[in-house]
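Protein chains: 2
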Amino acid sequence: MTTPTTTPGYDHDDPALAPSPITPVDLDLLKATVLFGPDDEAALRTAAEVLDGRIEQVLDVWYGFVGSHPHLLAYFSTPDGEPIGDYLDRVRARFALWIVDTCTRPYDERWLAYQNEMALRHTAEKKNKTDGVDSVPHIPLRYLVAFIYPITATIRPFLAAGGHDDEQVEAMFQAWFKSVTMQVTLWSQPYAGTAW
Amino acid sequence: MTTPTTTPGYDHDDPALAPSPITPVDLDLLKATVLFGPDDEAALRTAAEVLDGRIEQVLDVWYGFVGSHPHLLAYFSTPDGEPIGDYLDRVRARFALWIVDTCTRPYDERWLAYQNEMALRHTAEKKNKTDGVDSVPHIPLRYLVAFIYPITATIRPFLAAGGHDDEQVEAMFQAWFKSVTMQVTLWSQPYAGTAW
Ligand code: HEM
Ligand code: HEM
Chain A
1 MTTPTTTPGY DHDDPALAPS PITPVDLDLL KATVLFGPDD EAALRTAAEV
51 LDGRIEQVLD VWYGFVGSHP HLLAYFSTPD GEPIGDYLDR VRARFALWIV
101 DTCTRPYDER WLAYQNEMAL RHTAEKKNKT DGVDSVPHIP LRYLVAFIYP
151 ITATIRPFLA AGGHDDEQVE AMFQAWFKSV TMQVTLWSQP YAGTAW
Chain B
1 MTTPTTTPGY DHDDPALAPS PITPVDLDLL KATVLFGPDD EAALRTAAEV
51 LDGRIEQVLD VWYGFVGSHP HLLAYFSTPD GEPIGDYLDR VRARFALWIV
101 DTCTRPYDER WLAYQNEMAL RHTAEKKNKT DGVDSVPHIP LRYLVAFIYP
151 ITATIRPFLA AGGHDDEQVE AMFQAWFKSV TMQVTLWSQP YAGTAW
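In the order they appear, the protein sequences are chains A and B. Mapped onto UniProt numbering, the consecutive letters of the first sequence carry residue numbers 1 to 196. Mapped onto UniProt numbering, the consecutive letters of the second sequence carry residue numbers 1 to 196.
Next up, the structure:
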């Protein structure tokens with residue numbers, strides 16, 4: 001598995017990270033809204049074990065999906081529509097760590113701060129800066145929200161591949177679905193401002 | 001089942017409805033992003049049959065969920081926090097029709113126009129107007145996005161109650177999940193403006 005500290009642009013543990021505008025109280029209300037609790041945390045820890053060793057395969061599926069849809073690949077491309085290989089690769093390495101973080105990190109203020117950073121990296125404020133690339137300026141909110149579906153649905157077979165019984169697989173799947181929904185909710189904040 | 005034309009404020013077929021700012025081309029790209037296709041349409045038609053006669057029970061679950069969370073019930077309440085019974089009832093009747101529409105309507109320009117209207121009814125621009133109530137001015141985007149989880153997860157047992165086999169229930173569930181994700185995506189448009 002990739003070591004966090006050697007992944008370019010992965011700043012989860014950077015002490016200089018700005019705090020999130022979202023408070024732990026806001027987060028607790030969001031958790032209640034998606035019914036996220038201790039059982040989900042436990043299920044995600046199990047998911048981390050199941051996904052360990054399968055992360056490159058998960059990323060192959062997701063990158064295959066993006067790569068086969070020009071309207072999505074555009075966001076990893078130059079304004080002229082030329083895919084930027086180095087950009088795709090560097091983001092992929094951070095994406096791998098995101099899967100692990102989703103399953104293993106406590107959802108605390110540091111996590112909130114990096115959630116905010118990841119959100120901004122999809123917007124005009126910070127997209128392209130981390131990797132110093134000349135790509136299109138931002139990712140529209142619509143595709144972030146819509147991605148809840150593929151990012152959730154495609155994980156199921158991988159969660160089922162660890163030999164757990166149906167009930168355990170279902171628990172991991174539900175926890176993943178809740179977490180992805182919650183994270184996209186957090187990432188919608190810079191897009192909506194005060195209406196968030 | 002409730003007859004559309006007698007439900008106060010249900011304006012799906014109102015010829016005066018303003019067109020959506022979202023084009024059919026935008027919608028096609030969204031459908032591709034959530035992998036929504038003809039099989040999903042067919043599965044939703046079956047879901048309509050299964051849910052027919054169970055809609056009040058679905059609404060009992062959803063309203064029970066909202067009613068048991070003060071931070072959610074607040075949006076059906078006066079600014080002082082007093083729930084408005086008449087508001088809850090009138091929206092509930094329109095919600096019942098939304099379930100049917102989600103499963104049976106073609107997702108065409110008329111549907112897009114009413115999607116836009118429903119979106120606006122969650123925002124400061126139109127909330128409270130349809131029912132002439134004195135409630136809080138808008139629903140924050142965060143809860144719209146977060147609701148993808150409960151509105152999706154809670155439907156599954158109802159879809160399973162019609163005696164269909166596992167594969168058919170799964171197809172109905174996936175189609176529902178895609179549709180809800182797509183509709184919330186559409187509803188996020190007035191919150192994000194040009195960044196949508
Ligand atoms: C469920 C929704 C999504 C999730 C969970 C997700 C996840 C991620 C993660 C983990 C990163 C790396 C963050 C970091 O720098 O550490 C990232 C960056 C990126 N994502 Fe997403 N993403 C989502 C939606 C999208 C969509 C719809 C697109 C458009 C095709 C997209 C394109 C990108 C791009 C271009 C970057 C690099 C941004 C930069 O310049 O720093 N993402 N995403
Ligand atoms: C998946 C997300 C959601 C869906 C599918 C949904 C569905 C609906 C539907 C179908 C209506 C009636 C539309 C019409 O007038 O015909 C409605 C209105 C309403 N919803 Fe939502 N809703 C969602 C999120 C929320 C959330 C998070 C809240 C806050 C608790 C909320 C509170 C309301 C209120 C107060 C109204 C009445 C608005 C008005 O004054 O016209 N909804 N919703």
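We put the beta carbon where it would ideally sit given N, CA and C, even for glycine. Everything numeric in this text was worked out from a predicted model, so none of it was measured.
Residues that residue i contacts on chain B, provided the C-beta gap is smaller than 9 Å
i	result
A/H164	Within chain B, no residue comes near A/H164; the closest Cβ sits about 18 Å away, beyond 9 Å.
Beta-carbon neighbours of residue i, restricted to chain B and to distances below 8 Å
i	result
A/Y63	Here the premise fails: no neighbours, minimum Cβ distance about 15 Å.
A/L73	By Cβ distance, chain B contributes nothing, its closest Cβ being about 12 Å from A/L73, past 8 Å.
A/A195	T123, A124, H138, P140, L141 and Y191
A/V34	A146, Y149 and P150
A/L29	H71
A/T181	V145, A146, I148 and Y149
A/S135	Residues of chain B passing the Cβ test: none, with the nearest at roughly 16 Å.
Exposure label - residue i; buried when at least 16 CB within 10 Å
i	result
B/A180	Checking the displayed sequence, the identity of residue 180 of chain B turns out to be Val instead of Ala. Classification of B/V180: buried, given that the 10 Å Cβ count is 16 or more.
A/M1	Note that A/M1 has pLDDT 47, beneath the 50 cutoff, so the model's placement of it is unreliable and the number below is only indicative. Exposed: under 16 other Cβ atoms inside 10 Å.
A/V184	buried
B/S68	exposed
A/D14	exposed
B/Q57	exposed
B/S188	buried
A/V34	buried
B/T152	buried
B/A43	buried
B/G193	exposed
Straight-line Cα distance separating residue j from residue i
i	j	result
A/R45	B/E117	42 Å
A/H12	B/V145	24 Å
B/D60	A/Y143	32 Å
A/A175	B/A16	43 Å
B/D28	B/E109	12 Å
A/L73	A/P83	7 Å
B/V91	B/D131	8 Å
A/G64	A/P150	12 Å
B/V100	A/T7	48 Å
B/F76	B/P190	20 Å
B/P4	B/W62	Low confidence applies here, because B/P4 scores a pLDDT of 47, under 50, leaving its location unreliable; read the following figure in that light. Cα to Cα, the separation comes out at about 21 Å.
residue 243 of chain A	A/V169	A question about residue 243 of chain A goes unanswered here, because the residues of chain A that appear run from 1 up to 196.
B/A161	B/Y87	30 Å
A/G37	A/P79	42 Å
A/P137	A/D166	43 Å
B/E49	A/T23	43 Å
B/K126	B/G9	12 Å
A/D52	B/A18	50 Å
A/A195	B/T123	8 Å
A/Y114	A/P70	29 Å
B/V66	A/K178	17 Å
A/T154	A/D39	22 Å
A/A32	B/P140	15 Å
A/D134	A/L186	26 Å
A/C103	A/D26	21 Å
B/S20	B/M172	27 Å
A/I55	A/A96	6 Å
A/L112	B/F147	20 Å
B/G85	B/A47	30 Å
B/G163	B/E41	20 Å
Boundaries of the alpha helix (DSSP H) in which residue i is found, first to last residue
i	result
B/F95	G85 to T104
A/S188	Neither: A/S188 is in no alpha helix (DSSP H) and is coded neither H nor E.
B/N116	E109 to R121
A/W62	I55 to G67
B/Y143	L141 to A146
B/D28	P24 to T33
A/H71	P70 to L73
A/F158	R156 to A160
A/E125	Careful: A/E125 lies outside any alpha helix (DSSP H) and carries neither H nor E.
A/E49	P38 to L51
Chain-ordered neighbours of residue i on chain A, where CB pairs are closer than 8 Å
i	result
B/V184	V145
B/K153	It should be pointed out that residue 153 of chain B corresponds to Ala in this sequence rather than to Lys. Chain A residues near B/A153: L35, Q174 and F177.
7 Å Cβ cut-off: residues of chain B touching residue i
i	result
A/S20	Near A/S20 there are no residues of chain B at all, since even the closest Cβ is about 13 Å away, more than 7 Å.
Amino acids of chain A, ordered along the chain, whose beta-carbon sits closer than 7 Å to that of residue i
i	result
B/S77	Residues of chain A passing the Cβ test: none, with the nearest at roughly 16 Å.
CB contact check: residue i to chain D, cutoff 7 Å
i	result
B/S68	No chain D is present in this structure, whose protein chains are A and B.
Quiz item: Would you call the segment 124-140 of chain A and the segment 85-104 of chain A in contact, with 3 or more CB pairs under 8 Å?
Solution: yes
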